[in-house]
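Quick notes on the structure that follows.
Number of protein chains: 2
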Amino acid sequence: MICNSYKSFFKILADDCKLNVINLLSKGPLTVSELCKKLGCEQSRISHCLQALKKFGFVASQVRGKHRIYSLEPKIMIPLLKLIDEHVEKYHRNLCNCKGVRWREMK
Amino acid sequence: MICNSYKSFFKILADDCKLNVINLLSKGPLTVSELCKKLGCEQSRISHCLQALKKFGFVASQVRGKHRIYSLEPKIMIPLLKLIDEHVEKYHRNLCNCKGVRWREMK
DNA sequence: ACAACATATGATTCTAGCTTCATATGATAT
DNA sequence: ATATCATATGAAGCTAGAATCATATGTTGT
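Residue numbers (my numbering), protein chains in the order written: chain W, 1443 to 1549; chain E, 1443 to 1549.
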């Protein structure tokens, strides 16, 4: 455990919008505008999220024409999501302190 | 990915105090007052952190006399910390956006 | 070169949740 | 039973960082 790298690691991911982006990218690469459309939210918001996720190595991007295609970094994200899924299954009741809010429904 | 369990998962852990607690507990079980002394901070603060960590299954507790001994839940914490260590090693520069702040030095 | 589309970045406002203070609960010993 | 130590809980204020708005940069086609 070094410095506050750990805090940054978790802080970046503790966010509805970034997690929604990750959820979508887990099914395959997408451009910024595709993410906007699918999540029904502003382009700048998505871009801010993507910049953070990229800076900290959770996603990668690649230019294709005037689009920029984003994808998950599988090395970290696949085992991480698997680990959390297992934990969440056990502590769902507690972890899911959502008041009627469901996955993908951001406010 | 279900509901906002994921967000809760990360949000809980994205905190200096809780991470310091986890860091200490990773070396062995401790009581609340021992944690307070080692981290040089208030009892209520530590207790609040411990309650959250416990609720979400990151630590367990056991009564011993008038003390309460806390320990990490190894099933989730050991692989989680290992995974992050590997990632942090790679993205340390970015993740560690600390301005002179070092591990265990909370403000 | 310019227009149109796609994405990134800066700055400000706003809000979730951490810290703190005060108090409650629980356990032991005398 | 009461005093003391150990821990938990409630409520309120404060602060980091997300959302938003405005604008800049980048790319392609004509």
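For every residue, glycine included, the Cβ atom is placed at its ideal position computed from N, Cα and C.
As assigned by DSSP and simplified to three states, the class of residue i
{"i": "E:Ala1456", "result": "coil"}
{"i": "E:Met1548", "result": "For E:Met1548, the predicted model reports a pLDDT of 44, less than 50, meaning its position is unreliable; a value from the coordinates is still stated below. Coil."}
{"i": "W:Ser1503", "result": "strand"}
{"i": "W:Ser1468", "result": "coil"}
C-beta contact flag for residue i and residue j at 8 Å
{"i": "W:Ile1518", "j": "E:His1529", "result": "yes"}
{"i": "E:Leu1495", "j": "E:Val1463", "result": "yes"}
{"i": "W:Ile1520", "j": "E:Tyr1448", "result": "no"}
{"i": "E:Glu1484", "j": "E:Cys1491", "result": "no"}
{"i": "W:Phe1452", "j": "E:Leu1455", "result": "yes"}
Spatially closest choice to residue i from the options, by CA coordinates
{"i": "W:Lys1480", "options": "W:Leu1466, W:Phe1500 and W:Gln1504", "result": "W:Leu1466"}
{"i": "E:Tyr1512", "options": "E:Gly1470, E:Ala1456 and E:Phe1452", "result": "E:Gly1470"}
{"i": "W:Glu1515", "options": "W:Glu1476, W:Glu1531 and W:Lys1497", "result": "W:Lys1497"}
{"i": "W:Lys1532", "options": "E:Leu1522, E:Phe1500 and E:Gly1507", "result": "E:Phe1500"}
{"i": "W:Arg1487", "options": "W:Asp1457, W:Asn1446 and W:Lys1453", "result": "W:Asp1457"}
{"i": "W:Gly1482", "options": "W:Cys1459, W:Gln1504, W:Arg1510 and W:Gln1493", "result": "W:Cys1459"}
{"i": "E:Arg1510", "options": "E:Leu1523, E:Lys1453, E:Leu1522 and E:Glu1476", "result": "E:Glu1476"}
Neighbouring residues, chain W, relative to residue i (Cβ below 8 Å)
{"i": "E:Lys1469", "result": "Going along chain W, no residue has its Cβ under 8 Å from E:Lys1469, so there is no contact; the nearest lies around 11 Å."}
{"i": "E:Leu1525", "result": "Ile1518, Pro1521, Leu1522 and Leu1525"}
Interface partners of residue i on chain E, CB under 8 Å
{"i": "W:Val1530", "result": "Ile1444, Ser1447, Tyr1448 and Phe1451"}
{"i": "W:Leu1472", "result": "Result: empty, since nearest Cβ-Cβ is about 16 Å, beyond 8 Å."}
Chain W contact residues for residue i, given Cβ-Cβ distances below 7 Å
{"i": "E:Leu1477", "result": "The premise fails here: E:Leu1477 is roughly 15 Å from chain W at the closest Cβ pair, so nothing lies under 7 Å."}
Partners in chain E for residue i, counting only beta-carbon separations shorter than 7 Å
{"i": "W:Leu1455", "result": "Phe1452"}
Inset, instruction - Could you name the residues of the region 1483-1506 of chain E whose beta carbon sits closer than 8 Å to any beta carbon of chain W, in the order they occur along the chain? - result: Lys1497, Phe1498 and Gly1499
Inset, instruction - Using a Cβ-Cβ cut-off of less than 7 Å, list which residues of the region 1509-1522 of chain W approach chain E; keep chain order. - result: Ile1518, Pro1521 and Leu1522
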